[in-house]
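Notes follow the structure.
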Amino acid sequence: MQRQRRRGPRARPRQHFTPVPWPRNPMRWLSLDYFYFHFTNWPNPKGRNGCYLCYQVKRTQEGLSWDVGTGVFENEFYPKKPVHTEICFLNWFKTQQAFLAQNLSREENYHVTWFMSWSPCFQCARQVVAFLRDHKHVQLSIFAARLYYSRSPQYQQGLRSLQGAGAQVAIMTPADFAFCWDIFVDDPLRPFRYWKGIYINSCSLSKSLEDILRSSVVVAKEWTAEMQQQHRNQDLTPVPRPRPRIKPKTFDFNFQNIDSYGRKSTFLCFKVERWENGSFLGYQKGVFRNQLYSDHAELCFLDWFCDVVLSPDEIPCPDVQYRVTWYISWSPCFECAEQVAHFLKENRNVDLCISAARLYYENEDVQGLRDLVDAGAQVAMMAPEDFKYCWDNFVYHWGWRFNYWNNICQNSYYILQEKLDEILWD
Ligand SMILES: [Zn+2]
Ligand SMILES: [Zn+2]
1114 MQRQRRRGPR ARPRQHFTPV PWPRNPMRWL SLDYFYFHFT NWPNPKGRNG
1164 CYLCYQVKRT QEGLSWDVGT GVFENEFYPK KPVHTEICFL NWFKTQQAFL
1214 AQNLSREENY HVTWFMSWSP CFQCARQVVA FLRDHKHVQL SIFAARLYYS
1264 RSPQYQQGLR SLQGAGAQVA IMTPADFAFC WDIFVDDPLR PFRYWKGIYI
1314 NSCSLSKSLE DILRSSVVVA KEWTAEMQQQ HRNQDLTPVP RPRPRIKPKT
1364 FDFNFQNIDS YGRKSTFLCF KVERWENGSF LGYQKGVFRN QLYSDHAELC
1414 FLDWFCDVVL SPDEIPCPDV QYRVTWYISW SPCFECAEQV AHFLKENRNV
1464 DLCISAARLY YENEDVQGLR DLVDAGAQVA MMAPEDFKYC WDNFVYHWGW
1514 RFNYWNNICQ NSYYILQEKL DEILWD
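This note's numbering numbers the first residue of the sequence shown as 1114 and each following residue consecutively.
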């Protein structure tokens, strides 16, 4: 049966904002605090949700090369649609007088260098690749402080495609950080402070990047089944697999919608149905949880879904219709929401219903939820019957009936659903 979107009586479509130029892009300088905070190269620092891109553009004409300009971009977001720094840069670059100049001679070209706090995501990688293909006279070098979702195959492929399109992709060395300090930080009198681990982190990230880029050699060759298997065996990031069910205690603790204290993991129970002979048939189900140090449960699902369901033999079947239902202990964070929304736009044959036990939101996450709905997902809070459904289908219950915890109906669900309605429709 089709799940109904639960909308409050006050529900109305969200108003669209008139786009205005992001006030700060491009900036001339980055403040000292921002530089240290966003460019630290610890592998997984907390709270670095944004991305900063320091650029340097050089123009070469008749064998002479000179600086055209330097500056800093940051992600654009609320109230506009989020735009990542790379795309902000390209949009801006295309409007520049120097770039627009017609009749460029053959010897004339641009060299663009980016120093980025995070390496590009796969969506941006795709757009940058398209740009490089269309603009052969632009050379691009990307130096990243950290690798973004480096264990996700999609992100790895994004980095390889950048390299394939002629871009140089590398990790920032301590010398690069010091260079950025001199050029982009608004405090020239203070010397650059090397932080603890800067060298070791840079080396180990370089090694990871090398491994990611090197596998393109394998990808480029024809993939026999054997090679594919071999590659999977030694792959750093095997495609995550769901577990069939979870323990009653795990379910009770993580799906409680009253208290969020200590509930740091996200559990995602899913059901995939496939349209066959005029109706949806149950097809696959299971449970994902956050992988430590890597993807959130939602992205694990997407990786698995693409690999196992959508294109099991590398042959996508766009004619088959799928209905996916998620029961998730926390609503998706902004990053995941953006990726899921993007996935839904690219795969129109997939419908997604998300029911969350608890709401996870700060400013950006709210926008993520709205974008999910804009991309066609149904988003709701888990109602009492949903908890029972999960217990019956995703928990090793050994025949025990689900015990509703106190207040599950009266308080938590209704309060949360009202809050969600406010976020989505007000
Ligand atoms: Zn991006
Ligand atoms: Zn997430």
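From the three backbone atoms N, C-alpha and C, an ideal C-beta is built for every residue, glycine too.
Three-state secondary structure (DSSP) of residue i
{"i": "F1393", "result": "strand"}
{"i": "K1384", "result": "strand"}
{"i": "H1197", "result": "coil"}
{"i": "Q1452", "result": "helix"}
{"i": "G1375", "result": "coil"}
{"i": "Y1261", "result": "coil"}
{"i": "W1443", "result": "strand"}
{"i": "A1493", "result": "strand"}
{"i": "Y1517", "result": "coil"}
{"i": "R1356", "result": "strand"}
{"i": "E1427", "result": "Legend: pLDDT at E1427 = 49, less than 50; position of this residue unreliable, value from coordinates given subsequently. Coil."}
Span of the beta strand (DSSP E) around residue i
{"i": "K1543", "result": "Past the boundaries of the shown model lies residue 1543; the chain is included only from 1114 to 1539, so the question cannot be answered."}
{"i": "S1182", "result": "The residue you asked about is not Ser; residue 1182 is Gly in the sequence shown. Taken as a continuous stretch (DSSP letters only), the beta strand (DSSP E) holding G1182 covers 1177-1187."}
{"i": "D1464", "result": "1463-1471"}
{"i": "I1284", "result": "1281-1284"}
Whole-angstrom distance between residue j and residue i, CA atom to CA atom
{"i": "V1352", "j": "L1412", "result": "11 Å"}
{"i": "I1200", "j": "K1532", "result": "33 Å"}
{"i": "H1250", "j": "S1319", "result": "28 Å"}
{"i": "F1290", "j": "S1263", "result": "21 Å"}
{"i": "D1420", "j": "V1453", "result": "15 Å"}
{"i": "T1173", "j": "Q1210", "result": "15 Å"}
{"i": "E1189", "j": "G1176", "result": "37 Å"}
{"i": "Y1527", "j": "S1444", "result": "16 Å"}
{"i": "A1278", "j": "N1403", "result": "33 Å"}
{"i": "D1484", "j": "V1463", "result": "16 Å"}
{"i": "E1335", "j": "S1525", "result": "With a pLDDT of only 35 at E1335, under 50, the local geometry of the prediction cannot be trusted, and no value is derived from it."}
{"i": "H1455", "j": "V1196", "result": "13 Å"}
{"i": "Y1307", "j": "Y1147", "result": "15 Å"}
{"i": "N1154", "j": "Q1236", "result": "23 Å"}
{"i": "T1286", "j": "S1315", "result": "6 Å"}
{"i": "L1245", "j": "A1238", "result": "10 Å"}
{"i": "Q1480", "j": "S1178", "result": "43 Å"}
{"i": "V1486", "j": "D1300", "result": "43 Å"}
{"i": "Q1342", "j": "E1475", "result": "Annotation note: pLDDT 45 at Q1342 (below 50); position unreliable, coordinate value reported separately. Each residue's alpha carbon lies about 42 Å from the other."}
{"i": "D1499", "j": "N1506", "result": "10 Å"}
{"i": "F1383", "j": "H1248", "result": "43 Å"}
{"i": "R1137", "j": "C1167", "result": "13 Å"}
{"i": "R1161", "j": "E1386", "result": "36 Å"}
{"i": "C1164", "j": "T1198", "result": "7 Å"}
{"i": "K1159", "j": "S1392", "result": "45 Å"}
{"i": "P1266", "j": "W1294", "result": "32 Å"}
{"i": "K1441", "j": "V1492", "result": "One point to set straight first is that residue 1441 is Ile, not Lys, in the sequence displayed. For I1441 and V1492, the distance between alpha carbons rounds to 11 Å."}
{"i": "N1204", "j": "L1253", "result": "15 Å"}
{"i": "Y1223", "j": "D1180", "result": "10 Å"}
Boundaries (first-last residue) of the alpha helix (DSSP H) holding residue i
{"i": "D1289", "result": "1287-1297"}
{"i": "W1538", "result": "1527-1538"}
{"i": "H1151", "result": "1145-1152"}
{"i": "W1155", "result": "Neither: W1155 is in no alpha helix (DSSP H) and is coded neither H nor E."}
{"i": "W1542", "result": "Outside the displayed range of the chain (1114 to 1539) lies residue 1542, so it cannot be described from this structure."}
{"i": "D1487", "result": "1476-1487"}
Identity of the residues DSSP links to residue i by a beta bridge
{"i": "C1167", "result": "V1185, F1228"}
{"i": "Y1223", "result": "R1172, V1251"}
{"i": "F1202", "result": "Beta-bridge pairing links F1202 to no other residue."}
{"i": "Y1435", "result": "R1387, V1463"}
{"i": "R1273", "result": "Answer is none; R1273 lacks a bridge partner."}
{"i": "K1398", "result": "K1384"}
{"i": "F1256", "result": "F1228, A1283"}
{"i": "V1508", "result": "I1359"}
Distance cut-off 7 Å: residue i Cβ against heavy atoms of ligand 4
{"i": "P1445", "result": "Judged by which ligands are present, ligand 4 is missing from the structure shown, whose ligands are ligand 1 and ligand 2."}
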